[in-house]
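Chains as they are written, first to last, in this note's numbering: chain A, 1 to 524; chain B, 1001 to 1349. All C-beta atoms, glycine included, are put in the ideal place defined by N, C-alpha and C. Below: the structure, in structure tokens.
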Amino acid sequence: MLPPFGGNRMKAIEAIDITKVYPNGVVANKNVNISVEQGEVHAIVGENGAGKTTLMKIFFGIEKPTSGEIKVFGKRVHINSPREAIALGIGMVHQHFMLVPSFSAAENIMLGIEPRKRFFSVDFKKMESIIGDYAKRLNFQIPLWEKVLDLPVGVKQRIEILKALVRGAKILILDEPSSVLTPQEVNDLFEVLKRLVQNDLTVIFITHKLNEVKQIANRITVMRNAQVVGTYENKDVTETDIVELMIGRKFEYDIKREPKEPGEILLIVKNLNYFREDGAHILKNISFSLRAGEILAIAGLEGNGQKELVEILTGLREKATGQILLNGDDIMGSHPWEIRRAGVSHIPEDRVEVGCALDLSIAENLISDRFHLNPFSTRLVYKKKHVIEFAKKMIKEFDVRAKSSTTMVRMLSGGNMQKVVVAREMTNSAKIVIANQPTHGIDVASSEFIRKKLMQIRNEGKAVLLISTDLQEVLQISDRILVLYKGEIVAHLRNENITETDLGYYMLGVKRQSEEQIKESVNL
Amino acid sequence: MKRTLLLLEFTRFVITVGIALLIGYIFLLFIADEPTEAFKLFLTGPMTTQRRFFEFLNNAVPLMMTGLALSIVFQSKVFNIGAEGQLFFGAFGAMIFALKAPQIPWLHLVITLVGAALFGSLWAFVPAILKAKWKASELVSSLMMNYISYFLVLFLVNNYFRDKTAGALVSYRFPQSAWLSTLSRYRLNSGLFVAVALSVLVGWLLYRTKWGYQIRVVGANKKFGYYSGIKTINVIFWVQILSGAIAGLAGGIELTAMYRRFVWQSLPGYGFDGIIVAILARNNPFLVIPSALFIAYLRIGANIMGRTTGIAPEIVVVLQSIMILLITAEALLGRFKQKAVAKEAMKSE
């Protein structure tokens, strides 16, 4: 019988007083101490920006610590590159897979370390047997010779795991492994992880899904504000405990959705179809209507056409067919500035790439959709004073934590950055707000704040189209729910007495409503 | 924090200049008979006489204007490096208007300079429209336009405007009404005032008008600009036209003030040096003024050294280039910056 974790077991990897400061002055890790023992599943949890990913990047040699040291199996090491990390037996499965789509599974797994025959030709037989060995030990099923691009996400993830294992990984780091998976695939993944630790491997598991942590981890390290709050035995903490450790205070949900009679129809989408360049039918006959004073949610797993739908509605993507009726005018194919002028506001999914300009100030980011209007500009002159004044007001109203209104947006945390975007998109004159994943990847407190604001503008009579993969969020604030599955609306539900499980069935495509039930959403 | 970084940036600049000078000096040890004397000439040369001082200022004029032209396109993250060709074509435009327009005092000069700007922007129009309509890389097309400008202008000048009575391949002399005046006996180019005023004006345009705001937004994040409802294609188009006009004007000023004919048989190189000026100024129009003065000082200092010591002019150019290379190397001493940032960040935590 081995001693319990947290005792005298062999340490697989340790961080001792690690501090990391990025060139822009962000302190991502501050005196971080953590020790992961051999054969455990060690979960690292924390809000976005708490420093989890940075710590993993340091372990894998992508970033170098500003100070502090790393020990691997008790030996002090300097890890200067992923190559060195792999040589030390550290493997990493990134959140976004690093695979060559047009190569087969086997080729991806052995990329760069292919067994050779004479005259440099690849020894495919040997390749198969090597991978087969590993796969058998873990009870994996992998179609070795199929192209990666045709494989489902769960399988791609296993390929990533095998890739690390054949390179000799003893310590496997998984960065948010479950975020792309369906509930069924998550269960399969956990089976794999259990088998890995039975084979004496060590798993470091980064996530912010606490039910999963409780389900799989031996020990849990909680990070907050670039520091480690503590490491706990799984059995010693409840989910609520972990949340409170993560955010550093008591937490309760307190958003109330008061019943409200929706107003006039503001937006009608009719028979919207979209084909991607490669011919894939991404959106199939999408029809729905949106009324003033309601939140209509579009739920679904990521990658079921949400991104394309939003981009078409906001003019960022062209070449779709069908009608988008806004006050009776068809705005299909209009430019973003026309659609904005017609009264549609947009909180984009990707705040860094689309939602702001990182190197401009908060103030300058807040007026990008109205810089040309009074009081920010006259015919010619840009009135900086008024812009700053407005920004100060917004920073207060939306609780943006920043040194001043002229701070560069780059310096803000994800949550505060999102608040800047939300502040801009909610305070313009638009009657319709399209919010695409408005709380994705930001801290609990900011998420809560943003949901409250969405509720507030709904009560004030704006129409909100909420696109979300977060079921809790959908059930918490929406009035009606459309479920999108493989580019089709498969269900239209009123948010009355439905559960996450109900929604889950539709999202996975297990269940679907009849045409008539769905039609109701258009002819309300 | 901001002040620390600014100070650091300045210190970094001083240190890099120091290192560059040191390397320059070591270089001189090998090739000059009296390295210390040569080096002193290099450092203080432009300050020793009024004539040299004005030579240095005159050299800064076209550099300032091309630096300005490039700083605004770079601000919008457009890499139109066609300032050289635009300047050349602008100079050609100035020549046409100087020789052909009615010789009304003042007005003639104004028409000549406006013509130069017009020709410059005409040259910028081609890459700009190719970019806007067909997303052609402005880097490639503007570079090609430089060659076209060079050979086309030479062909036209040498075949149709050549002054056969002059001893060299130059155009006819401009009438006096198209002269931009020079000051004092040593001929200070009064275009200097135009260049400085224009820098301030463009700085104001960039930071204090709504067009400038759009340019900065598009430069900071084009996708964000488009999403926010800015007509990014238009912004990118017009910024190139404006840049071309400034570069063209630079050519016009150079000819009307300094030469009063079309004299160039090779590209003068101001457009390429303008890239250095813009980068050194971090694309800030206000900083273009000191930046252009600095580069001009290096150039003239080296020229004076070459003239008085007999060091081969080729070596002088090599030396200049090494120094500019070092000074614009962003990463040099980056480690100190990183350390200071880390220290500062931990302190404020």
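Answer with buried or exposed for residue i, where buried requires no fewer than 16 other C-beta atoms within 10 angstroms of its C-beta.
{"i": "Lys57 of chain A", "result": "buried"}
{"i": "Thr207 of chain A", "result": "buried"}
{"i": "Arg370 of chain A", "result": "buried"}
{"i": "Trp1106 of chain B", "result": "exposed"}
{"i": "Met417 of chain A", "result": "buried"}
{"i": "Val1014 of chain B", "result": "exposed"}
{"i": "Met110 of chain A", "result": "buried"}
{"i": "Ala1038 of chain B", "result": "buried"}
{"i": "Val1110 of chain B", "result": "exposed"}
{"i": "Val175 of chain A", "result": "The question names Val, but residue 175 of chain A is Asp in the sequence shown. Result: buried."}
{"i": "Asn1058 of chain B", "result": "buried"}
Output needed for residue i: all residues of its chain with C-beta closer than 6 Å, excluding positions within five of it in sequence on either side, in chain order.
{"i": "Gly355 of chain A", "result": "Pro348 and Val421"}
{"i": "Met10 of chain A", "result": "Gln38"}
{"i": "Ile18 of chain A", "result": "Asn29, Val32, Pro65 and Gly68"}
{"i": "Lys1077 of chain B", "result": "Gly1219"}
What separation, rounded to the nearest whole angstrom, lies between the Cα atoms of residue i and residue j?
{"i": "Ala402 of chain A", "j": "Leu412 of chain A", "result": "7 Å"}
{"i": "Lys1210 of chain B", "j": "Leu162 of chain A", "result": "55 Å"}
{"i": "Val197 of chain A", "j": "Val122 of chain A", "result": "32 Å"}
{"i": "Phe97 of chain A", "j": "Gly154 of chain A", "result": "11 Å"}
{"i": "Ala12 of chain A", "j": "Thr53 of chain A", "result": "19 Å"}
{"i": "Ile113 of chain A", "j": "Ser129 of chain A", "result": "14 Å"}
{"i": "Val72 of chain A", "j": "Ser1199 of chain B", "result": "57 Å"}
{"i": "Arg1260 of chain B", "j": "Leu1139 of chain B", "result": "32 Å"}
{"i": "Thr1256 of chain B", "j": "Ile1295 of chain B", "result": "23 Å"}
{"i": "Met1145 of chain B", "j": "Ala1094 of chain B", "result": "19 Å"}
{"i": "Lys125 of chain A", "j": "Val213 of chain A", "result": "39 Å"}
{"i": "Arg1208 of chain B", "j": "Lys384 of chain A", "result": "7 Å"}
{"i": "Phe1092 of chain B", "j": "Gly1167 of chain B", "result": "20 Å"}
{"i": "His386 of chain A", "j": "Val93 of chain A", "result": "48 Å"}
{"i": "Gly540 of chain A", "j": "Gly89 of chain A", "result": "The structure shown does not extend to residue 540 of chain A, since chain A is modelled only from 1 to 524, so the question has no answer here."}
{"i": "Gly1248 of chain B", "j": "Phe1089 of chain B", "result": "7 Å"}
{"i": "Leu301 of chain A", "j": "Tyr485 of chain A", "result": "8 Å"}
{"i": "Gly68 of chain A", "j": "Val474 of chain A", "result": "43 Å"}
{"i": "Ile220 of chain A", "j": "Val237 of chain A", "result": "9 Å"}
{"i": "Val27 of chain A", "j": "Ser514 of chain A", "result": "53 Å"}
{"i": "Gln1075 of chain B", "j": "Asp150 of chain A", "result": "42 Å"}
{"i": "Ala50 of chain A", "j": "Tyr22 of chain A", "result": "14 Å"}
{"i": "Gln456 of chain A", "j": "Lys284 of chain A", "result": "32 Å"}
Can you give the beta carbon distance from residue i to residue j, rounded, assuming they're within the 8 Å contact cut?
{"i": "Arg512 of chain A", "j": "Val490 of chain A", "result": "4 Å"}
{"i": "Leu1206 of chain B", "j": "Ile1072 of chain B", "result": "7 Å"}
{"i": "Ile142 of chain A", "j": "Arg158 of chain A", "result": "6 Å"}
{"i": "Ala1124 of chain B", "j": "Gly1244 of chain B", "result": "2 Å"}
{"i": "Leu373 of chain A", "j": "Phe390 of chain A", "result": "Not confirmed; about 11 Å, so no contact."}
{"i": "Lys1235 of chain B", "j": "Val1218 of chain B", "result": "According to the sequence displayed, residue 1235 of chain B carries Val and not Lys. So it is a contact: roughly 5 Å between Cβ atoms."}
{"i": "Asn271 of chain A", "j": "Ser287 of chain A", "result": "6 Å"}
{"i": "Gly1274 of chain B", "j": "Ala1069 of chain B", "result": "6 Å"}
{"i": "Ile295 of chain A", "j": "Asp479 of chain A", "result": "5 Å"}
{"i": "Thr501 of chain A", "j": "Asp470 of chain A", "result": "Incorrect: roughly 15 Å between the Cβ atoms, too far for contact."}
{"i": "Val228 of chain A", "j": "Leu245 of chain A", "result": "Incorrect: roughly 10 Å between the Cβ atoms, too far for contact."}
{"i": "Ala463 of chain A", "j": "Ile432 of chain A", "result": "5 Å"}
On the DSSP bridge list, what partners appear for residue i?
{"i": "Ala43 of chain A", "result": "A:Phe205 and A:Ile220"}
{"i": "Gly89 of chain A", "result": "According to DSSP, Gly89 of chain A bridges with nothing at all."}
{"i": "Val27 of chain A", "result": "A:Val21"}
{"i": "Arg480 of chain A", "result": "A:Leu296 and A:Arg494"}
{"i": "Val381 of chain A", "result": "B:Thr1209"}
{"i": "Asn436 of chain A", "result": "A:Ile467"}
{"i": "Tyr232 of chain A", "result": "A:Ile220"}
{"i": "Arg76 of chain A", "result": "A:Lys71"}
{"i": "His346 of chain A", "result": "A:Ile434"}
{"i": "Gln323 of chain A", "result": "A:Lys270"}
{"i": "Met332 of chain A", "result": "The partner list for Met332 of chain A (beta bridge, DSSP) is empty, contrary to what the question assumes."}
Between residue i and the rest of its own chain, which residues show a CB-CB distance below 7 Å, the 5 nearest in sequence each way excluded?
{"i": "Met1 of chain A", "result": "With a pLDDT of 43 at Met1 of chain A, under the threshold of 50, the predicted position of this residue should be treated as unreliable, and no value is reported."}
{"i": "Ala217 of chain A", "result": "Val41, His42, Ala43, Phe205 and Asn234"}
{"i": "Arg1051 of chain B", "result": "Tyr1186"}
{"i": "Lys1031 of chain B", "result": "Just to set this straight, residue 1031 of chain B is Ile in the shown sequence, not Lys. Result list for Ile1031 of chain B: Ile1311 and Ile1315, in chain order."}
{"i": "Ser178 of chain A", "result": "Val186, Leu189, Thr207, Lys209 and Glu212"}
Between residue i and the rest of its own chain, which residues show a CB-CB distance below 8 Å, the 5 nearest in sequence each way excluded?
{"i": "Ile247 of chain A", "result": "Glu47, Arg224, Asp443, Val444 and Ala445"}
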